[in-house]
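Colleague:
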Amino acid sequence: MYKENLNKFILNQDQKISEALQATNMLGIAFVTADNGKLIGVITDGDIRRAGLRGRSLDSEVSHIMNKDFFYAIDETEDADILKKIPKRVHCIPVVDCEGLLIGYKFFSELTGKNALITGITGQDGAYLAEFLLAKGYTVYGAYRRTSNLTFSRLEYLEIKDKINLIPLDLTDPWSVYNALKISSPSEVYNLAAQSFVQTSFNQPQLTLNINTIGTANVLEAIRYSSPSTKYYQASTSELYGKVHEIPQNEKTPFYPRSPYAISKLAAYWLTVNYREAYGIFACNGILFNHESPIRGYEFVTRKITQGVAAIKTGRDTELHLGNLDAKRDWGYAKDYVESMWLMLQHGEPEDFVIATGKTHTVRDFAEKAFEKAGLDYREYVKVDEKFYRPTEVDLLIGDPSKAKNKLEWNPDQKTTFAELVDMMVVNDLKLLENNA
Ligand code: NAP
Ligand code: F7E
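Going by the numbering used here, the sequence shown runs without a break in its numbering and finishes at 692.
Following this line, the structure appears as structure tokens:
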């Protein structure tokens with residue numbers, strides 16, 4: 256019964272469903288995955304015509320999966336037209352393993368590779384990444400946590416709030432993570448949510464570990480059990496290098512974390528590597544150096560400085576209290592950096608990448624430039640206050656982004672410079688305070 260009308264072809268993971276359908280000229284389709292969840296072929300049609308799998312053919316009985324609930328009519332047309340023609344009751348497609356056993360269902364949109372789930376959507380990077388993915392045509396699901404004073408101000412600032420499907424999620428609650436995956440059925444997950452302020456991690460180490468480490472395990476577990484072909488981005492950090500062993504720092508530089516934040520992110524880094532190696536999940540660490548913007552949180556030093564400059568310039572304040580002015584950071588622009596997150600998940604193999612400008616500046620340099628932009632001399636306004644010192648400091652960070660340059664074609668030399676970044680942030684904060692006069 257299977258020998259007739261046999262259509263053989265291999266569906267490559269990057270192929271669009273429309274191409275697959277054109278190749279088969281079929282009415283129904285089931286996708287076949289390997290043990291690690293990767294798509295390796297298809298079985299076509301409600302009549303159980305069989306597709307070959309990398310030259311091998313299936314021997315087992317598969318007819319039981321092709322019941323009429325998953326049968327639908329499809330033309331050889333563009334995706335949007337296909338979608339319109341699918342009967343309403345069909346929401347997903349059966350997925351079978353190499354033995355022909357049903358192991359789950361995939362949403363149609365998932366197979367077209369267009370759904371992305373971003374945790375930490377209310378944060379700086381979440382907002383810029385959502386803007387970037389929307390422009391690429393993705394359906395974006397943004398996960399936010401319940402707070403008493405919920406704000407989507409960054410999404411409103413970028414005028415994208417209405418374009419995002421918002422899902423409640425707390426990274427520390429495994430079922431909410433699982434549920435978010437179920438609702439969004441993503442082909443890519445960007446795990447950006449975190450307790451991200453280093454200073455706070457010294458006062459709230461357990462909370463930091465819970466969110467950043469256990470939270471990461473929760474996302475990876477949910478992917479492993481419910482959606483193993485979903486690609487995963489982990490927001491790793493230059494803080495892993497801490498007391499640096501090498502200058503500049505690259506993907507091979509040993510880690511020496513210097514705060515509970517960095518330690519929590521170190522475990523999350525290794526969880527990501529381990530799920531890649533143990534379960535074949537397409538999981539990448541982006542080791543991003545500091546990146547800032549006009550929507551950076553006010554507690555981080557760059558925004559604290561630019562807001563301070565604006566407050567002094569507009570007569571609202573007379574001094575700015577800072578901690579260690581000698582700390583050196585490799586600062587880039589957040590909007591440039593989110594592109595690299597996406598590039599990592601489009602790369603042929605899951606790997607880890609350093610993203611940095613390759614240049615470093617002291618906090619003093621930043622303050623000097625920011626005050627200068629407003630026509631002020633920082634030495635007259637900046638006061639050093641030891642309460643902003645950290646118990647253990649990261650003195651010097653400077654990244655070597657050569658691997659990202661070569662393999663992802665992400666080139667910091669074509670991105671926003673340090674001087675442009677400082678200017679942009681000062682101008683924005685001045686405008687905000689002037690408008691708020
Ligand atoms: P951010 O502005 O502080 O945003 C953090 C996000 O995480 C916020 O949306 C926050 O929600 C959310 N969040 C915190 N706890 C959560 C929980 N328990 N459940 C769900 N969501 C939670 O940070 P960012 O600068 O955008 O950074 C994004 C990621 O990159 C973070 O993981 C950070 O550690 C990492 N990273 C940042 C940099 C950088 O320079 N920006 C560099 C390297 C790595 P609320 O709005 O409710 O607080
Ligand atoms: O501190 C010094 C401070 O808080 C930068 C996070 O996004 O980037 C960020 O972590 C430097 C430190 O960022 C003040 O001691 C001086 O040396 O802006 P920050 P961070 O700690 O580098 C990494 C890559 C992340 O992953 C994190 O999530 O500035 N500093 N005076 C000060 N810092 C603050 N916040 N406030 C001061 O008054």
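Ideal Cβ positions, reconstructed from N, Cα and C, are used throughout, including at glycine.
In terms of residue numbering, what span does the alpha helix (DSSP H) encompassing Lys486 cover?
Modeller: Element bounds for Lys486: not the alpha helix (DSSP H) but the beta strand (DSSP E), Lys486 to Thr492.
Colleague: Have a look at Trp665 and Ala659 and give me their C-alpha separation to the nearest angstrom.
Modeller: Trp665 and Ala659: Cα-Cα distance of roughly 6 Å.
Colleague: Hey, quick one: how far does the alpha helix (DSSP H) through Lys559 stretch, first residue to last?
Modeller: Per DSSP, Lys559 belongs to the alpha helix (DSSP H) from Val556 to Lys568.
Colleague: Along the alpha helix (DSSP H) that carries Lys590, what are the first and last residues, could you check?
Modeller: Ala589 to Gln601
Colleague: Can we say the region 542 to 560 touches the region 610 to 617, given the rule of at least three CB pairs closer than 8 Å?
Modeller: yes
Colleague: Any idea what DSSP makes of Leu521, helix, strand or coil?
Modeller: helix
Colleague: If distances are taken between C-alpha atoms only, which option among Tyr530, Glu627, Glu635 and Ala582 comes closest to Val677?
Modeller: Glu627
Colleague: Considering only DSSP beta bridges, list what Val474 is partnered with.
Modeller: Answer is none; Val474 lacks a bridge partner.
Colleague: Is any heavy atom of the ligand F7E found at a distance shorter than 6 Å from the C-beta of Gly397?
Modeller: no
Colleague: Assuming the contact rule is C-beta atoms closer than 8 Å, Asn467 and Lys520 should be a hit. Round their C-beta distance to whole Å, please.
Modeller: That belief holds up - the Cβ atoms of Asn467 and Lys520 are roughly 6 Å apart, short of 8 Å.
Colleague: Taking only runs of the alpha helix (DSSP H) that begin and end inside the region 609 to 662, which ones reach a length of at least 4 residues, in chain order?
Modeller: 618 to 628
Colleague: Since I believe Asp655 is in contact with Thr615 (beta carbons under 8 Å), could you give me their beta-carbon distance rounded to a whole number of angstroms?
Modeller: In fact, because the Cβ distance is near 11 Å, the residues do not count as touching under 8 Å.
Colleague: From the DSSP output, which residues share a beta bridge with His576?
Modeller: Lys638
Colleague: With a threshold of 7 Å between beta-carbons, can Val432 be considered close to chain B, or not?
Modeller: As a matter of chain content, chain B is missing from the structure shown, which is built from one protein chain.
Colleague: Compute the Euclidean distance between the alpha carbons of Ile502 and Leu426, then round it to the nearest angstrom.
Modeller: 34 Å
Colleague: Mapping the DSSP letters down to three states, classify Glu443 as helix, strand or coil.
Modeller: Here Glu443 sits in strand by DSSP.
Colleague: So, using beta-carbon positions, are Leu600 and Tyr488 closer together than 7 Å?
Modeller: Yes.
Colleague: Using DSSP with H/G/I as helix, E/B as strand and the rest coil, what is Tyr511?
Modeller: coil
Colleague: How about Pro549 and Asn683: do their beta carbons lie closer than 7 Å?
Modeller: yes
Colleague: My output table needs one value for Tyr399: the three-state DSSP class, helix, strand or coil.
Modeller: In the structure shown, Tyr399 sits in a strand (DSSP, three-state: E or B).
Colleague: Is it the case that the CB of Phe555 approaches a heavy atom of the ligand F7E more closely than 6 Å?
Modeller: yes
Colleague: With DSSP run on the structure shown, which of helix, strand or coil describes Glu606?
Modeller: If DSSP states are grouped into helix, strand and coil, Glu606 belongs with coil.
Colleague: Excluding the five sequence neighbours on either side, which residues of its own chain have a C-beta within less than 7 Å of the C-beta of Met679, listed in chain order?
Modeller: Pro549
Colleague: Is there contact between the region 393 to 401 and the region 371 to 378, where contact requires at least three CB pairs shorter than 8 Å?
Modeller: yes
Colleague: Checking 7 Å against the spacing of the C-beta atoms, do Asn473 and Pro429 come in under that value?
Modeller: yes
Colleague: Determine the contact status of Val453 and Ser514, defining contact as a CB-CB distance below 7 Å.
Modeller: It is a contact, given that the beta carbons lie within the stated cut-off.
Colleague: Whose CA, out of Ala385, Asp581, Thr402 and Ile536, lies closest to the CA of Thr617?
Modeller: Comparing alpha carbon positions, the residue from Ala385, Asp581, Thr402 and Ile536 closest to Thr617 is Asp581.
Colleague: Under 6 Å: does the beta carbon of Thr377 sit that close to some heavy atom of the ligand NAP?
Modeller: yes
Colleague: If you count every other CB in all the chains shown that lies within 10 Å of the CB of Pro219, and 16 or more means buried, which is it?
Modeller: Beyond the ends of the chain as shown, which are 256 and 692, falls residue 219; an answer cannot be given.
Colleague: Could you say which of Ile415, Gln504, Gly587 and Ile567 lies nearest to Leu685 if we only look at CA atoms?
Modeller: Ile567
Colleague: Would you say the beta carbon of Val453 comes nearer than 6 Å to a heavy atom of the ligand F7E?
Modeller: Yes, the beta carbon of Val453 sits closer than 6 Å to at least one heavy atom of the ligand F7E.
Colleague: Answer yes if the region 628 to 640 comes into contact with the region 572 to 581, meaning at least three C-beta pairs across the two stretches below 8 Å, and no otherwise.
Modeller: These segments touch.
Colleague: Quickly, what does DSSP pair Ile419 with across the bridge? List them, please.
Modeller: Looking at the DSSP assignment, Ile419 forms no beta bridge with any residue, so it has no partner.
Colleague: Provide the residue(s) that pair with His546 in DSSP beta bridges, ordered along the chain.
Modeller: Gly587
Colleague: Could you check the C-alpha separation between Ala382 and Ser431 for me, to the nearest Å?
Modeller: 21 Å
Colleague: Out of curiosity, what's the CA-to-CA distance linking Asn540 and Ala490?
Modeller: 6 Å
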